[in-house]
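End of the sequence shown = 723 in my numbering, gap-free, step of one. We put the beta carbon where it would ideally sit given N, CA and C, even for glycine. This one's a predicted model, so the numbers in the text were calculated from it and none came from an experiment. Data block below; observations after.
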Amino acid sequence: MHAAHEGDIRHEFLNITLLLLSLGLWCFILAGDILPGSLPNLAMFDAVIMIGACGLSYFIKWRSFNIACFFLLLCIAFFAAQIANVSETPSALYLIPASLIIAVILLPPPLMLLALLVDGLLLIAIAPRADLALMLAIAAGQLTLVGLLRRYFVNQLKISQNFQDYAAEQMNEARASRAELVLMSKQLQEYQERLRDTNRKLESAFEQAEESRQAKARFAANVSHELRTPINLIVGFSEVMILAPEVYDQPLPAAYRADVQAVYRNAKHLQNLINDVLDISQLEARHLAIVKEKASLDDCLRETADMVADLIDKKGLSFELDTPPDLRPLWFDPVRIRQILLNLLVNAVRFTSDGGITIRVRVDEKEAVTSVIDSGVGIKAEDLPQVFDEFYQVGGVDALGERGSGLGLTLSRELIRLHGGTMSVSSDGPGRGSCFSFSLPTTQQLVAQMPATPQLQQRAAAEKRILVVDPDESVTAFFSRYLKSQALSACNREDEALRALEQFEPDVVLLAQELNYPQLLERIRQLPRAPSLITLPMPSGRAAIRQRGVYDYLVKPVSRETLAKVLATFGDDLASIMIIDDNRDIVRLFSQTLRSLEAGYQIRSAYSGAEGLALMREQPPDLLMLDVLMPEMDGFAVIETMQASADLTEVPIVLISAKGASESITPDIHGDITLIRPGGYAPIELVSCVQALIDSLQPRADLKLAGARPGLAAPT
C-alpha cells in the first residue's frame, strides 16, 4: 500500500517535471524567435529536440518508469552540454547538477548512483577547469539538500501512509463491527421475540398451574367440609354417650361403651385428619394465618409437655426438658408452635416403647433450635428424605399398631417455613430413636430495641411494626394473615394502646374508625418519632353480628364444653331454646348435648327458617341457636324477619356456621380510610400512596369473579 502510494507520487512528479520542462523549452524557443540573433539556430533546434525527448519520456514511462526517468536525465545532460558548446556559455552546464535533483527524487538508489556517475563524468569531461570545482560543489550541495528533503518526505509519507492505513483499518473494523451489530441486533430481536413467546408460555403455564392448585385446594376444602358434618355428628354423639351416658334412658353395656370409645377415638383421629387436609389446602392457597407475638418459648414448651404428660406416664417413659436459663422471648405464633410441638411429642410417644423423650433448645445469634428426641423405633436412612412428604408414613404403623394421617409433619414444616425457620429430621437407624428439630429466628425481637442506624432504616422498609387498635381480637388475626409485616401487636383499649406506643414503638397505627380515643391521638402527635395513623372501618365479625342483633356465633364442630360456656353467660334466666338447622342429625346432636348439661332446658327444633319463625311466633324462646347456611331461607333472612317483628326482636341469637364459613358473617365494609402522617408527605410518598391505592382496588365484578369474600370489599 505504501509502495503503491509512493509510486503514484513519483509518477505525478514526473508528469509535472515534463510539463514544466516542456514549457521552459517552449519559452526558450520563443525568446530566440522574438530576439533574433540572441540564440544560435542550432540551440533552438536542440530545444525542439529536447521537447520531443520530453514527449518520448512521457510515453516510455507507461512501459518503464525508471527507464523514462533515466532517459530524461541523459537528454537534459546532453542538452545542457550542447547549449554550452553551441552558445559558448559554460553556465548552461549548471543544468546538469540541477537535473540530478530529478534523479534523487525519481530514481531508485542504483539508477540514481548511475545517473550521478554519468553526469559527474560528463561535467569533468566538458566543464572548464575554472568552473568545475564550483559546479561539483553546487551539485554536492544540491544532492545533499535534496537527499535530506527526500528522506524527510519519505518519512512523512510513511507516517501519513501509516495513519491512512490505520484509519482504513479502523474504518474496516468499524464496518465489520457495524455489520456485527446489525447481525446482533437482528439476533437480539429474534431472542426478544423468543423470550416474549417463552414468557407468554410461562405465564400461560403458571396460570394453568395456579388454576390447578386453586382447584386442588378448593376440592380439598369442599370435600373436607362435606366430610366434616358427618364426622362432627359421629364425634358429637359418641362424646355425649361417653361423657354423659345418663342422657339416655338406659346405660350402655360395658362392651358397647368400649366400642363407643373406639368409635369416638377413631372419629377424633379422622376429624384431625380432615383439619390437617384443610390446613394444607389453606397453606397452598396462602390463606393459613400465623399471628406472631412476642412470647416465651419456654412457657410454650412446658404447656405442651403438660398436655402429653399423661400419655408419657402411661407408657412408663422418662421425660426431660432442657432449655437455656436465659432463653429470651421470641416472635412466633404460640398456637401454631404448640400445634407443632404437640404433633412431635405425640409421635414420639406413639413410636417409643422404652426409654424416654427429651426436648432440647439451643440458641445462637440468629435462631433458636428446638429438638424433640426419642429413643423409639428410629427411621431408616432411605426413609429420611420422604419423612415430610404428604401422606408418607415411616414404617406404616406405630408401636401400638395404629396408623397416622401422614400430614402432621408436612403441615408442621410448612408452618415453620411461615415463621422464617427450617425443620429437619435425623436418625441413626432402626431401633436407635429419632430427632426432629425446628428453628425460629431470634433477630426479630431486636427491632424495637436497636438504634436507628442506616442498616435498620433499610430493614424498616420491609419490617414495619404495626399496632392494631380494635376491641375485636379477630381483627388482629385478619391483619396478621394479609399484612406482610414482621411485627404486629394488638390492643383492645385506649390505655393499652398508650402503653404500646412507648414499648412497641410502632411505625403505623391502625385505629378502628368508630373508636373515640382523644388521648391516643394527642399522644401520637407529641411523639418525636410519630407513627403514621390510619383510621378505617375494621372487618370485625363481632361488630358485624352486633349490627345484626346477634349475641354470639359458634363455629362447627361445637363441643359440649364450648356450648356450656356460651349458655352460662345467660345465667339462670335461660329456660327455653329453639334450634333451627336444615340437618336433622345436627339438630338431634345439639338437643342431646343440651340435655346432657342437665339444666332442664325446654328444647324445640325446626328444620327450616320458615318453620322456625312460625314456631317462634307461637311462643318466643329465651335463646335461638341458628344455622347460617340453609336452603330457601338462610340464617340472615331469619334474622331480618325477626328484627322486623316486635315479638321476636328481643330474642338473643347464637349463630352456628361451618368452619370456614364465618367470613360470610362479615358484611361489606363501608366507610372512609384516612391516613395521617405527622410532618406531612414528600411528593414521591404521596404519589406512592396514590399508586398503591390504585393498584389494590378492583372493580366489584372482578372481586366476585375472584371469589373474594365480602368482608374484603373496597371501602367507599
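Taking buried to mean at least 16 other C-beta atoms within 10 Å of its own C-beta, is residue i buried or exposed?
i	result
Ser-695	exposed
Phe-52	exposed
Ile-112	buried
Pro-564	buried
Gly-408	Caution is warranted here: a pLDDT of 45 is assigned to Gly-408, below 50, making its placement in the model unreliable, and the coordinate value is therefore given only provisionally. Exposed: under 16 other Cβ atoms inside 10 Å.
Ser-325	exposed
Gly-438	exposed
Cys-34	exposed
Pro-538	buried
Leu-130	buried
Thr-681	exposed
Asp-266	exposed
Ile-663	buried
Ile-23	exposed
Phe-597	buried
Asp-479	buried
Phe-486	buried
Met-783	Since the first and last residues shown for the chain are 8 and 723, residue 783 lies out of range.
Val-697	exposed
Leu-704	exposed
Here's a check: name, in chain order, each residue in its chain whose Cβ is nearer than 6 Å to the Cβ of residue i, leaving out the five neighbours to either side.
i	result
Leu-32	Ala-54, Met-57 and Ile-58
Ala-613	Ile-587, Gly-619 and Leu-622
Asp-329	Arg-367
Gln-199	none
Ala-140	none
DSSP has residue i in a bridge; who is on the other side?
i	result
Pro-448	Glu-374
Cys-498	Val-476
Tyr-263	Per DSSP, none; premise fails for Tyr-263.
Gln-609	Ser-583
Asp-329	Arg-367
Ala-519	Leu-543
Ser-431	Ser-444
Phe-339	Glu-300
Ser-360	In the DSSP output, where bridge partners are listed per residue, Ser-360 has none listed.
Phe-390	Before going further, note that residue 390 is Asp rather than Phe in the sequence given. According to DSSP, which records beta bridges pairwise, Asp-390 is partnered with nothing at all.
Thr-681	Thr-542
How long is the line joining the alpha carbons of residue i and residue j, rounded to whole angstroms?
i	j	result
Lys-373	Leu-337	11 Å
Val-370	Val-376	6 Å
Met-457	Ala-507	Its pLDDT being 34, under 50, Met-457 is placed unreliably by the model, and nothing is read from it.
Asp-559	Thr-569	12 Å
Val-353	Leu-334	25 Å
Val-189	Ala-181	12 Å
Leu-631	Met-248	25 Å
Ile-281	Leu-234	8 Å
Gly-440	Val-384	6 Å
Asp-634	Gly-578	23 Å
Met-178	Ser-219	59 Å
Phe-72	Ile-16	12 Å
Phe-20	Ser-184	39 Å
Leu-114	Glu-176	31 Å
Gln-257	Met-585	26 Å
Val-394	Phe-226	25 Å
Thr-429	Pro-392	15 Å
Thr-600	Val-557	22 Å
Asp-313	Lys-321	13 Å
Met-649	Thr-656	5 Å
Gly-686	Pro-628	57 Å
Leu-414	Glu-421	11 Å
Arg-624	Val-645	12 Å
Please go through the same chain and pick out, in chain order, the residues whose beta-carbon is closer than 7 Å to the beta-carbon of residue i, but skip the five residues on each side of it.
i	result
Leu-277	Ile-238
Gln-268	Ile-249
Ala-251	Ser-603
For residue i versus residue j, is the C-beta spacing smaller than 7 Å?
i	j	result
Ser-245	Tyr-263	no
Ser-444	Ser-378	yes
Cys-442	Ile-380	yes
Ile-683	Leu-517	no
Tyr-65	Leu-121	no
Ala-519	Asp-580	no
Arg-345	Thr-311	yes
Ile-347	Ser-446	no
Leu-240	Asp-679	no
Considering only residues of the same chain and omitting the five flanking positions on each side of residue i, which have a CB-CB separation below 8 Å?
i	result
Phe-78	Ala-60, Leu-63, Ser-64 and Ile-67
Val-315	Leu-349, Leu-352, Val-353 and Val-356
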